[in-house]
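Sequence lines, in order, name chains W and A.
Mind the numbering: the first sequence is residues 1 to 251 in the numbering used here, read in order.
Mind the numbering: the second sequence is residues 1 to 321 in the numbering used here, read in order.
Glycine included, each C-beta is placed from N, C-alpha and C at the ideal position.
Since the structure is predicted, the reported quantities are computational estimates derived from the model, not experimental observations.
Here's the structure we're looking at; comments come further down.
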Amino acid sequence: MATPALETHDLTVTYHKRPVLYGVDVTVPEGSLVGIIGPNGAGKSTLIKSIMGVVPSSGGWVKVFGKSLKENLHRVGYVPQRESVDWDFPVTVMDVALMGTYGRLGLFRRPGKEEKRRASEALEKVGMLPYSNRQIGNLSGGQQQRVFLARALAQDSDLYLMDEPFAGVDAATEAAIIALLKEMRERGKTVLVVHHDLQSASEYFDRLLLLNMRLVAFGKVKDVFTPELLQKTYGGRLTLLSEVADRAAKL
Amino acid sequence: MMDYLTLPWDVLGIGAFWLILMAFLVALPCSQVGSFLILRRMALTGDAISHSVFPGVVVAFYFTGDLASPWLIVGAGLAGLISTVLIELIHKRTRVKQDAAIGISFTSLFALGVVLLETMLGKNVDLDLECVLHGRLGLLLEDETLPLLGQMVPQPIIVMTGVSLVTIVLMALFYRVLLLSSFDTGLAASYGYRPALIHYGMMFAVSFIVVAAFQAVGAILVIALLILPGAAAYLCSHRLKTMLALAALHCLLSAVGGLYIHVWFDTNMAASVVVCGAVLLLLAWLLGPVDGLLWKWFKDEPEHPDNETGDKIVTHSACSH
């Protein structure tokens with residue numbers, strides 16, 4: 001069997017002695033596009049943060065392409081939530097895309113021609129190259145998210161963990177992002193995406209990870225996108241019904 | 001008119017140059033590290049440190065009896081770190097929020113410094129409260145001088161030149177680390193940068209710079225030097241490197257302007273520099289090329305990216321589906 005892109009065993013995270021994520025065992029094969037879904041407070045963001053080591057885990061281990069995260073750090077790209085940064089920060093679109101190359105540069109080497117080329121290419125891919133000299137605060141939400149994706153592309157990793165890339169973006173950007181994700185999968189990349197919208201989840205991803213503090217299920221969409229498992233994830237009929245009602249109201 | 005412009009040089013001679021240089025050299029490292037404090041939303045922590053280094057200085061002075069001793073810097077650095085640890089402890093372990101925690105730790109430590117000063121050192125020492133509050137920049141010309149390149153250079157200038165150089169070299173070396181960790185802690189952590197290490201390293205640097213600037217401008221005005229240049233530059237630029245350069249320019253202009261105010265009105269030199277800096281900030285706010293109020297008044301509406309409106313409409317319609 002080929003080495004899985006990501007393997008976690010008994011991954012547990014506690015905040016102030018209260019567990020928020022319990023013993024998550026998951027093995028993600030290379031080249032899959034995975035949606036992480038679950039209700040609010042299910043620990044979706046915490047899961048990818050703890051895989052990345054951004055949030056310390058209190059138990060269990062993580063392996064990336066068969067090795068510890070530290071040994072394979074440069075093969076993993078992380079896209080934080082868009083709201084997690086200050087968009088008034090005095091940097092340009094190009095500066096942000098260049099940050100994607102910092103990981104491989106180490107602490108002191110400066111980005112050179114090669115890094116700038118990679119950043120430009122990444123911006124081109126998400127259609128943001130014409131904006132490279134613009135201050136990031138002058139962008140719309142969708143454009144900001146594209147810049148974040150360009151930064152991830154510039155990282156040139158093999159495994160990507162993305163925290164809600166579809167939050168607050170317009171329909172055009174959403175379509176562009178999903179096309180990009182599918183193209184990345186074609187090139188053999190593995191992508192895990194925290195996702196909020198149940199409805200589109202089954203169309204966008206080929207595997208789903210259902211999470212509610214514990215791992216409820218992980219597998220191909222046709223196997224896990226079932227009423228029983230969704231009900232188990234979203235904690236009973238009531239929540240699920242209100243979800244559906246919400247969606248109906250939106251339509 | 002010409003008389004006014006040449007007055008400082010008529011009165012002080014080369015001393016006018018030393019005063020400007022000293023004010024600039026004190027403000028420069030403060031402005032650079034202060035710019036990052038502003039971007040990290042830690043301006044208040046900078047205030048806190050500038051006050052809480054005081055007990056560290058007093059204790060170190062008690063043991064060494066020498067105001068120029070490097071132990072003062074170590075003492076100040078430790079006191080600064082203690083104050084940041086104290087802030088973290090209070091707001092993580094109790095229900096008191098961070099702003100209140102800052103208020104608690106720096107006032108207590110500063111007061112502790114005053115009590116220690118008066119009990120341990122008595123009242124007849126170089127390190128007096130007057131100097132702690134207002135600084136002794138104006139007394140620069142009475143300080144010891146050392147011969148350097150055929151000039152008699154006041155000793156504090158040599159010290160501050162060193163501090164400025166060390167600060168700028170460190171900032172250049174860690175520029176990208178500071179940039180990324182200030183902008184996006186999550187990504188920085190995913191690259192293996194240690195956020196806590198960077199935080200405390202930065203706090204130690206602030207303590208070190210503050211204690212160097214402390215003797216020149218005092219504990220209160222040093223806050224102004226940490227925040228004013230960076231804030232004024234922030235209003236004028238959307239690029240970090242430009243912002244840092246403008247902050248340095250702000251220091252130079254404040255130093256020159258401060259000297260004129262000092263000589264014309266016979267006022268405290270340190271306070272004059274800060275007043276001048278504040279006026280410059282006001283000008284930046286009114287005339288700044290980026291957010292300047294004046295330009296906004298001239299334009300019919302604030303500038304927007306060409307397709308901003310288009311995107312917004314799409315967003316709204318996407319939400320309603």
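Inter-residue spacing [alpha-carbon to alpha-carbon] between residue i and residue j
i, j, result
"W/Ile37", "W/Thr233", "9 Å"
"A/Ile261", "A/Met22", "16 Å"
"W/Met213", "W/Asn40", "10 Å"
"W/Glu186", "W/Pro111", "29 Å"
"W/Lys63", "W/Pro56", "15 Å"
"A/Lys241", "A/Ala27", "18 Å"
"W/Leu210", "W/Ser45", "13 Å"
"W/Val193", "A/Pro156", "57 Å"
"A/Leu137", "A/Ala216", "5 Å"
"W/Gly106", "W/His74", "10 Å"
"A/Ser69", "W/Leu181", "60 Å"
"A/Val169", "W/Glu203", "53 Å"
"A/Met42", "W/Phe166", "31 Å"
"W/Gly31", "W/Val191", "8 Å"
"W/Val76", "W/Lys67", "12 Å"
"A/Ile102", "A/Asp47", "9 Å"
"A/Met203", "A/Leu25", "20 Å"
"A/Ala318", "W/Val85", "The predicted position of A/Ala318 is uncertain, since its pLDDT is 35 and thus under 50; a value taken from the coordinates is nonetheless stated next. Cα to Cα, the separation comes out at about 24 Å."
"W/Arg18", "A/Tyr200", "27 Å"
Contact belief for residue i with residue j at Cβ below 8 Å, rounded distance in angstroms
i, j, result
"W/Asp170", "W/Gly142", "4 Å"
"W/Ala97", "W/Ala150", "5 Å"
"A/Leu12", "A/Leu5", "Contact flag wrong, Cβ pair sits at about 14 Å."
"W/Glu53", "W/Thr8", "Looking at the sequence itself, residue 53 of chain W is Gly, so the reference to Glu does not match. Actually they are not in contact, since the Cβ atoms of W/Gly53 and W/Thr8 sit about 12 Å apart, beyond 8 Å."
Local Cβ density within 10 Å of residue i, reported as buried at 16 or more and exposed below that
i, result
"A/Glu301", "For A/Glu301, the pLDDT reaches just 49, beneath the cut-off of 50, and the residue's location in the model is therefore unreliable, although a value from the coordinates is still provided. Classification of A/Glu301: exposed, given that the 10 Å Cβ count is below 16."
"W/Gly188", "exposed"
"A/Leu89", "exposed"
"W/Asn255", "The displayed coordinates of chain W run from 1 to 251. Any statement about residue 255 of chain W would go beyond what the structure contains."
"A/Thr107", "exposed"
"W/Pro130", "exposed"
"W/Leu238", "Legend: pLDDT at W/Leu238 = 46, less than 50; position of this residue unreliable, value from coordinates given subsequently. W/Leu238 should be labelled exposed."
"A/Ala213", "buried"
"A/His321", "With a pLDDT of 34 at A/His321, under the threshold of 50, the predicted position of this residue should be treated as unreliable, and no value is reported."
"A/Leu86", "buried"
"A/Val275", "buried"
"A/Ser31", "buried"
"A/Met269", "buried"
"W/Tyr15", "exposed"
"W/Glu71", "exposed"
"A/Phe36", "buried"
"A/Gly77", "buried"
"A/Ala79", "buried"
"W/Pro90", "buried"
7 Å Cβ cut-off: residues of chain W touching residue i
i, result
"A/Leu240", "Pro90, Val91"
"A/Ser237", "Pro90"
"A/Met243", "Pro90"
"A/Leu39", "Phe89"
"A/Leu180", "Met99, Tyr102"
"A/Val400", "Residue 400 of chain A cannot be examined here, being either before or after the span of chain A that is shown, 1 to 321."
"A/Leu173", "Phe108"
Interface residues of chain W facing residue i [CB-CB closer than 9 Å]
i, result
"A/Arg95", "The contacting residues do not exist; A/Arg95 stays about 13 Å from chain W at best."
"A/Val33", "In chain order: nothing, as chain W lies at least about 16 Å away."
"A/Leu89", "Per Cβ cutoff of 9 Å: no residues; A/Leu89 is ~15 Å from chain W at best."
Beta-carbon neighbours of residue i, restricted to chain A and to distances below 9 Å
i, result
"W/Gly103", "Leu187, Ser190, Tyr191, Gly192"
"W/Tyr78", "Gly186, Leu187, Ala189, Ser190, Tyr191"
"W/Val85", "Phe183, Asp184, Thr185, Gly186, Leu187"
"W/Gly53", "Ala189, Ser190, Gly192"
"W/Leu73", "Ser190, Tyr191, Gly192"
Backbone secondary structure at residue i - three-state DSSP
i, result
"A/Met202", "helix"
"A/Thr267", "coil"
"A/Trp18", "helix"
"W/Trp61", "strand"
"W/Ser68", "strand"
"W/Gly127", "coil"
"A/Arg40", "coil"
"W/Ala167", "coil"
"W/Ala5", "coil"
"A/Pro349", "The first residue shown for chain A is 1 and the last is 321, placing residue 349 of chain A beyond what the model contains."
"W/Thr190", "strand"
"W/Leu210", "strand"
"A/Phe63", "helix"
"W/Ala217", "strand"
"W/Tyr102", "helix"
Neighbour list for residue i in chain W, Cβ cutoff strictly below 8 Å
i, result
"A/Tyr234", "Pro90"
Proximal chain A residues relative to residue i, where beta-carbon distance stays under 7 Å
i, result
"W/Gln135", "His238"
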